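Whatever position you read off the sequence shown (first residue = 1), add 14 for our numbering.
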Amino acid sequence: MTAPDNILQEVAALRREINHHNRQYYTLDSPEIPDADYDALFDRLNELEQVYDLVTPESPTRRVGSEPLAQFVQVTHEQAMLSLDKVFDEQDLKDFESRMKKRLGSEASLEYSCEPKVDGVAVSLLYLDGVLKRAATRGDGLIGEDITHNIRTIHTIPLRLDTQGLTGRLEVRGEVYLGKAGFEKLNSQAKRGGGKIFVNPRNTAAGTVRQLDPRKAAKIPLQMYCYSIGLVDGLEMPGRLSDVFGLLEAWGLPVNPDRSVEMGVDSCVEYCLDLLDKRNVLNYEIDGAVIKVNDLQTQLELGQNARTPRWAMAYKFPAEEKTTQVIDVEFQVGRTGTITPVARLEPVFVGGVTVSNTTLHNMDEVKRLGLRVGDSVIVRRAGDVIPKIIRVISPEKNVIARTIVMPSHCPACGSVVLKEGEVLYKCSGGLICPAQRKESIKHFASRSALDIDGLGDKLIEIMVDQELIFTVADLYRLEESQIRKLERMGPKSAQNVIAAIEKSKQATLARFLYALGIREVGEATAQALAHHYQDLQAIIEASAEEHEQIRDVGPIVAAHIEAFFRKEHNLSLIGNLLQYGFSLKRETISATSDTLAGQTFVLTGSLEQMSRDEAKAKLQAFGAKVAGSVSKNTSVVVAGPGARSKRAKAEALGIKIIDEAAFLALIEGLIH
Ligand code: IVH
């Protein structure tokens with residue numbers, strides 16, 4: 015049916031409107047209308063296109079084709095898609111600048127476009143008269159594959175550009191990737207529906223762009239960041255790469271907001287370190303930064319080597335995933351007897367540290383991974399998160415292949431191992447078990463509990479093994495001469511340990527309660543108990559019902575607390591301890607929850623006494639704001655070792671910088 019003018023106008027208006035809402039929804043993450051209204055617009059357009067035969071390939075209704083391809087078609091890149099040279103440290107980045115200056119025969123400062131190196135797949139988009147005609151993979155740089163059918167399913171890639179009259183060919187290049195949120199969502203769907211778990215965002219993106227069936231690709235929420243223009247007819251190119259980004263953005267193409275223009279290589283180093291600092295809060299994965307000369311004429315002068323430009327460099331960050339081998343699996347006995355499988359690994363440098371063992375949590379996890387001793391595995395460590403094995407690779411190549419089984423008897427004391435609940439295994443040895451005793455003494459002496467300085471894990475293990483101590487109460491009977499005889503202990507350190515043990519008798523009631531290691535009683539619950547009862551004897555005598563009156567104490571925790579204080583050996587241990595003169599003071603919080611209100615803190619570098627999350631929680635408890643980056647609104651920067659760019663920025667802005675000790679003093683001054 016031929017369409018009357020008013021229908022043609024309606025169709026054009028609907029396309030504009032739908033494209034606008036697509037951009038609001040997918041690119042800007044700020045939808046303006048409810049999904050149902052969007053669906054109504056979409057359905058109306060679809061209907062008109064069908065009835066009046068108005069379907070065009072660039073219509074927003076045409077993102078997903080209906081049939082899988084039989085095979086990929088090869089695409090020859092008219093301009094080769096280059097790769098990047100890489101460096102791993104600052105000096106090499108500086109050398110890169112020196113080489114360029116030498117080649118240019120000029121000492122003049124260079125301006126750079128600094129960009130995140132998004133961990134995805136390089137893709138070339140070819141627009142003809144503003145309409146997306148073809149998308150291709152990089153392939154070997156010269157010949158790639160036609161993946162138009164899959165790229166069309168990416169909602170942030172316009173099927174028609176806002177190029178305002180630009181005709182002819184326009185090739186745009188960039189990185190197609192899967193965001194962290196999209197990846198998490200896919201995997202939680204897969205877990206619920208029993209589907210296949212995706213290994214990581216990069217592999218998923220690479221697999222998806224090379225799907226023959228676009229309907230499958232459409233289920234993966236890929237995205238793209240464009241970073242350059244390749245082939246182009248009839249466009250006066252701007253002088254600087256940063257202006258190219260401006261053009262791409264104006265045409266409606268997605269560009270990375272985390273890019274920056276920097277003068278000189280030192281500022282690029284700052285950019286890289288800042289980017290590394292915020293790597294974990296970005297919503298896409300990166301494997302480094304890309305530093306490019308910003309001036310396009312200078313790029314031309316510098317030219318290229320066989321496969322890499324001389325004007326760009328990748329500054330690689332430590333990989334967050336590495337392959338290694340499981341040498342053995344041991345079973346660790348915890349404070350309460352829980353037995354946990356721990357994988358001993360061939361040491362591997364991942365996420366910035368060397369990892370040689372990692373917890374497997376429980377036997378269900380071992381089963382889920384299908385793990386055996388001797389397997390090659392991928393270990394992931396991102397940010398401060400503990401390293402974990404995410405996948406076994408090539409299990410068929412494992413020549414040792416020893417199955418992992420839970421021992422029937424405790425590896426530390428030989429008592430029978432009992433199964434508790436669905437996945438938990440426990441040593442039945444109780445106080446007989448030296449591993450359980452060691453762990454409970456370690457907990458008792460730990461920083462958040464009685465904070466006995468100098469009484470480290472190793473020393474506790476030696477003391478238990480040499481039967482110097484049996485329970486925590488024995489610590490208070492120790493004499494300096496006994497400690498001095500131990501391995502690597504001099505008179506001075508022995509004296510210090512004795513003094514620290516003595517000092518621990520000043521612990522507050524809350525810390526003492528926490529140190530006892532009652533099941534499910536963490537620091538916060540211990541504080542709540544201390545605050546509520548104010549007295550140890552009252553806690554001992556109280557019933558589970560009374561504990562439940564406390565906010566955040568549920569029936570399970572309440573039952574654990576009551577059960578703990580009904581056990582004879584616990585009461586006798588407490589009696590023993592008290593006889594040494596514990597003062598069990600109440601902890602009074604002199605500050606209120608808004609003492610630090612209006613102040614913004616930035617935490618940077620590594621903190622040794624507590625995790626960043628703990629520090630953040632403490633600050634927030636007093637009403638402070640904790641920000642991710644330094645600005646003129648920052649009140650205080652807490653800088654631990656390794657802090658660089660944020661410290662430098664704070665110095666430049668004249669913002670107060672304190673170290674961890676000063677930070678702890680500040681917090682302790684608020685609590686006393
Ligand atoms: S520029 C001539 N910029 O890194 C320059 N590449 O190892 C060629 N990549 O194949 C690439 N983010 O897949 C450039 N902002 C970015 C990038 C980026 C990620 C990838 C791209 C390229 C690889 C080079």
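Beta carbons: idealized from backbone N, C-alpha and C, even for Gly. Predicted model only: the values in this text are computed from it and were never measured.
What residue range does the beta strand (DSSP E) around residue i cover?
i: Arg405; result: Lys402 to Ile407
i: Lys330; result: Ala326 to Lys330
i: Leu139; result: Val135 to Leu142
i: Cys441; result: Leu438 to Cys441
i: Ser557; result: Note, Ser557: premise wrong, no beta strand (DSSP E); not H, not E.
i: Ile446; result: It is not in any beta strand (DSSP E) - Ile446 carries neither H nor E in the DSSP assignment.
i: Cys424; result: Note, Cys424: premise wrong, no beta strand (DSSP E); not H, not E.
Kindly examine the ligand IVH and report whether one of its heavy atoms sits closer than 7 Å to the Cβ of residue i.
i: Lys230; result: no
i: Glu129; result: yes
i: Arg58; result: no
i: Arg502; result: no
i: Glu189; result: yes
i: Leu98; result: yes
i: Pro323; result: yes
i: Arg174; result: no
i: Tyr285; result: no
i: Val393; result: no
i: Arg224; result: no
i: Ala320; result: no
i: Asp254; result: Checking the sequence, you will find Arg at residue 254 rather than Asp. Checking every heavy atom of the ligand IVH against the Cβ of Arg254, none is found closer than 7 Å.
i: Arg152; result: yes
i: Val101; result: no
i: Tyr241; result: yes
i: Ala220; result: no
i: Val246; result: no
i: Val132; result: yes
i: Ala136; result: yes
i: Val304; result: yes
i: Ala149; result: no
i: Ala122; result: no
i: Ala94; result: no
i: Ala333; result: no
i: Ala521; result: no
Taking the continuous alpha helix (DSSP H) assigned at residue i, which residues delimit it?
i: Asp627; result: Arg626 to Ala635
i: Glu335; result: Premise fails: Glu335 lies in the beta strand (DSSP E), Glu335 to Val347, not in any alpha helix (DSSP H).
i: Tyr528; result: Leu523 to Ala529
i: Asn217; result: Pro215 to Val223
i: Phe259; result: Leu255 to Ala264
i: Ile474; result: Asp471 to Asp479
i: Arg498; result: Glu494 to Arg498
i: Pro355; result: Not the alpha helix (DSSP H): Pro355 falls in the beta strand (DSSP E), residues Ile353 to Val364.
Considering only the beta carbon of each residue, do residue i and residue j sit closer than 8 Å?
i: Tyr66; j: Ile32; result: no
i: Leu591; j: Val511; result: no
i: Ser97; j: Arg321; result: yes
i: Tyr285; j: Glu276; result: yes
i: Glu46; j: His35; result: yes
i: Leu610; j: Val644; result: no
i: Glu104; j: Leu124; result: no
i: Leu393; j: Ile407; result: Residue 393 is actually Val in this sequence, not Leu. No.
i: Arg658; j: Leu296; result: no
i: Leu633; j: Phe615; result: yes
i: Tyr52; j: Val132; result: no
i: Glu560; j: Pro569; result: no
i: Asp471; j: Lys456; result: yes
i: Asp627; j: Met327; result: no
i: Val431; j: Val387; result: no
i: Lys138; j: Glu185; result: Checking the sequence, you will find Ser at residue 138 rather than Lys. Going by C-beta atoms, Ser138 is nearer than 8 Å to Glu185.
Query raised in the report: Counting pairs of Cβ atoms below 8 Å between the region 117–128 and the region 178–195, do you hit three or more?
Result: no
Query - the region 251–261 / the region 151–161 touching (three or more Cβ pairs under 8 Å) - result: no
Query raised in the report: Does the count of Cβ pairs from the region 328–342 and the region 363–370 closer than 8 Å reach three?
Result: yes
Query raised in the report: For the 8 Å Cβ check, are there 3 or more pairs between the region 292–300 and the region 59–74?
Result: no
Report task. Assess, as a yes-or-no matter, whether the region 204–216 is touched by the region 142–152 under the definition of 3 or more beta carbon pairs within less than 8 Å. Result -> no
Query raised in the report: Touch check for the region 462–473 and the region 513–528: three-plus C-beta pairs under 8 Å?
Result: yes
Query raised in the report: Hey, is the region 262–270 in contact with the region 173–186, meaning 3+ C-beta pairs nearer than 8 Å?
Result: yes
Query raised in the report: At a cut of 8 Å, does the region 368–380 reach the region 304–320 through at least three beta carbon pairs?
Result: no
Query - the region 437–448 touching the region 349–357, judged by at least three CB pairs closer than 8 Å - result: yes
Requested in this report: Decide yes or no for the touch test of the region 543–550 against the region 501–521: beta carbon pairs closer than 8 Å, at least 3 of them.
Outcome: no
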